[in-house]
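Report on one structure; see the data block that follows.
Next up, the structure:
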């Protein structure tokens with residue numbers, strides 16, 4: 001049974017009635033499971049986490065985009081988080097029995113309906129991007145609703161789907177297939193943030209470390225400890241154990257060690273299976289040997 | 298959603314038609330999922346692995362016991378594996394959102410119907426045992442069909458449910474709730490089986506090692522290596538990482554190390570999460586953070 005995770009963001013975090021109307025599109029639907037609804041009043045934005053089979057998930061997402069476009073007026077929207085549309089962003093992540101290519105296909109299917117039927121301009125990002133400069137969502141959304149509205153009919157600024165002008169009240173939407181992202185934090189036996197910064201620099205991709213690792217060194221005020229905080233953009237290719245062991249090695253040179261770690265939010269089970277495979281030296285362990293995985297077939 | 302794993306064993310491993318009739322009880326039933334059917338011709342026995350919600354699982358198991366009692370004649374049965382009934386043994390294991398006590402209750406419910414309606418004597422073993430000397434299945438089944446038949450109406454030998462005499466054709470059945478069992482093998486960098494035997498002795502419960510660990514040292518002919526082969530009867534209380542690290546420590550004294558390991562068959566995901574918790578030092582990781590676990594709610 002193919003499964004996709006979708007984490008759409010809507011530009012309403014205060015009006016409970018509107019949020020409930022949007023989220024209702026994911027409730028009591030066969031083949032769709034609502035995992036989480038996180039409204040944020042300061043951001044004036046709601047992040048929904050839902051998992052489902054391709055067809056019913058696409059239907060439910062389209063329903064929610066329609067509701068959001070009817071209930072949210074972007075000309076009146078204020079909030080701290082960058083945003084450009086009522087349904088601001090729709091990321092799709094393959095979970096099980098589905099390829100990234102198939103998720104890209106589904107993102108295009110979504111974009112086509114949202115563009116042509118709902119009359120909302122759509123930008124494709126990450127794995128769904130048709131242009132290199134659209135891979136990064138922050139670049140696509142630069143200037144937010146107001147900025148995108150101004151430049152949307154200029155050459156090279158036009159959307160990938162839908163009208164070449166802003167939908168006044170619904171704004172524009174970004175849709176992208178992407179790999180699951182794991183947020184991973186490692187706490188050190190020191191309060192010296194400089195050590196955390198040095199370790200972060202040594203282990204992250206952009207300064208010569210591990211591919212797929214974004215890392216920063218920060219200081220945690222409440223615990224008085226230094227932390228290496230990471231976003232892991234491909235835990236299949238660069239698994240948690242490799243990061244953990246490399247941090248140990250880098251920490252040793254500063255005479256510090258790891259005190260504890262945390263995975264923030266959700267993780268695919270495969271990321272943990274890879275950890276067990278490494279430390280238990282399980283050469284031939286198959287994910288199908290996990291009882292719970294068999295129940296999702 | 299409470300889930301139970303059931304691994305019933307039936308005394309027919311050769312006649313495909315009979316096996317299919319028995320297994321049909323687990324197919325296309327809401328709330329019941331057939332994971333595996335393993336017939337063995339030498340043993341003349343079929344092991345079925347099924348997972349389900351309590352009510353529908355009990356119904357399906359009862360259906361299979363009825364079919365087996367109609368299709369299998371124990372007076373004609375021959376096979377290498379010890380056996381005493383058409384449905385020989387029904388182990389129930391809690392998987393999710395259900396306690397061991399509730400599994401014991403279900404085992405009693407099963408036993409009551411099998412005893413009173415199907416007229417088959419039932420012995421309760423493991424966690425369902427009412428007497429200490431019935432905890433061990435091997436003891437309950439001692440002498441097999443023929444032996445049990447002879448002594449079943451003697452004092453102290455009578456079944457826990459059902460008639461106090463053997464059901465000629467269906468035999469007797471053992472039912473027991475038990476913890477999930479994980480089969481774990483560790484291969485060593487030596488072909489010296491004595492080293493594997495010494496390590497097995499040092500790490501297993503009965504000779505002063507870890508609780509919940511049964512271990513033997515054996516020699517693998519095809520690979521020319523010595524192996525510590527284990528049955529882990531409670532991986533929650535005695536997790537895999539602790540066994541792995543203790544074997545490393547014991548192996549070091551003989552100048553050998555672990556080359557590779559294997560988990561045989563199914564394992565509950567919690568066993569692997571515990572491994573990740575230890576090696577990644579995840580103090581506060583909750584199973585609910587595993588995306589796939591959320592899908593089983």
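Protein chains in written order, with our numbering: chain A, 1 to 297; chain B, 298 to 594.
Glycine is no exception: its CB is placed at the ideal position from the N, C-alpha and C atoms.
For residue 252 of chain A, the uninterrupted alpha helix (DSSP H) segment begins and ends at 240–252. The beta carbon of residue 315 of chain B is closer than 6 Å to those of 309, 368 in its chain, skipping five residues each way along the sequence. When the beta-carbon positions are compared, residue 331 of chain B and residue 323 of chain B come within less than 7 Å of each other. Taking 7 Å as the CB threshold, residue 573 of chain B lines the interface with chain A. With respect to the 7 Å criterion, residue 478 of chain B and residue 416 of chain B are not classified as neighbours on the basis of their beta carbons. Rounded to whole angstroms, residue 371 of chain B and residue 469 of chain B show a C-alpha spacing of 10 Å. Separation of residue 10 of chain A and residue 215 of chain A (C-alpha to C-alpha, rounded to the nearest whole angstrom) is 28 Å. Cβ neighbours of residue 557 of chain B within its own chain (closer than 7 Å, five residues either side excluded): 484. Within the stretch 238–255 of chain A, the residues whose Cβ lies closer than 8 Å to some Cβ of chain B are 240, 241, 244, listed in chain order. Using a CB distance below 9 Å, the part of the stretch 387–410 of chain B facing chain A consists of 392, 393, ordered along the chain. Within the stretch 58–117 of chain A, the runs of alpha helix (DSSP H) at least 4 residues long that lie entirely inside it are, in chain order, 100–116. Going by beta carbons, residue 106 of chain A and residue 54 of chain A fall inside the 7 Å limit. Residue 445 of chain B has a beta carbon lying at 7 Å or more from every beta carbon in chain A. If you ignore the 5 residues before and after residue 510 of chain B, its C-beta comes within less than 7 Å of the C-beta of 500, 501, 502, 527, 529, 535, 540, all in its own chain and listed in chain order. Taking 9 Å as the Cβ-Cβ cut-off, the stretch 308–338 of chain B approaches chain A at 330, 332, 333, given in chain order. DSSP places residue 40 of chain A in the uninterrupted beta strand (DSSP E) bounded by 32–40. Here residue 226 of chain A is buried. Its C-beta has 16 or more other C-beta atoms within 10 Å. The three-state secondary structure of residue 465 of chain B, taken from DSSP, is coil.
Using a C-beta cut-off of 8 Å, the stretch 338–353 of chain B makes no contact with the stretch 282–289 of chain A, since fewer than three inter-stretch Cβ pairs fall below that distance. Residue 110 of chain A places its beta carbon 7 Å or farther from that of residue 125 of chain A.
Against chain A, a Cβ distance below 8 Å from residue 591 of chain B picks out 33, 35, 51, 266.
The beta carbon of residue 62 of chain A lies closer than 6 Å to those of 113 in the same chain, with the five residues before and after it left out. Using a Cβ-Cβ cut-off of 7 Å, residue 219 of chain A does not count as an interface residue toward chain B, since no Cβ of chain B sits closer than that to its own. Under the DSSP assignment, residue 24 of chain A falls outside any beta strand (DSSP E); it carries neither an H nor an E label. Short of 8 Å from the beta carbon of residue 447 of chain B, and not among the five residues preceding or following it, lie these beta carbons of its own chain, in chain order: 440. Judged by beta-carbon spacing, residue 521 of chain B lies within the 7 Å limit of residue 488 of chain B, meaning their Cβ atoms are closer than that value.
Listed in chain order, the non-local C-beta contacts of residue 30 of chain A below 8 Å within the same chain comprise 56, local neighbours out to five positions each way being set aside.
The stretch 559–578 of chain B and the stretch 264–279 of chain A touch, with no fewer than 3 CB-CB distances between them shorter than 8 Å. A distance below 6 Å between beta-carbons, with the five flanking residues on each side excluded, links residue 459 of chain B to the following residues of its chain, in chain order: 412, 417, 418, 419. A residue is called buried when at least 16 other Cβ atoms come within 10 angstroms of its Cβ; residue 381 of chain B meets this threshold and is buried. At least one C-beta of chain B is nearer than 7 Å to the C-beta of residue 285 of chain A. Across the stretch 416–442 of chain B, no CB contact with chain A closer than 9 Å is found for any residue. No Cβ of chain A is located within less than 7 Å of the beta carbon of residue 358 of chain B.
Each of A:79, A:88, A:76 was checked against the Cα of residue 68 of chain A, and the nearest Cα belongs to A:88.
The residues 3, 4, 5, 51, 180, 268, in chain order, have a CB closer than 8 Å to that of residue 95 of chain A in the same chain once the five nearest residues on each side in sequence are set aside. Out of A:209, A:240, A:185, the CA that lies nearest to the CA of residue 219 of chain A is found in A:185.
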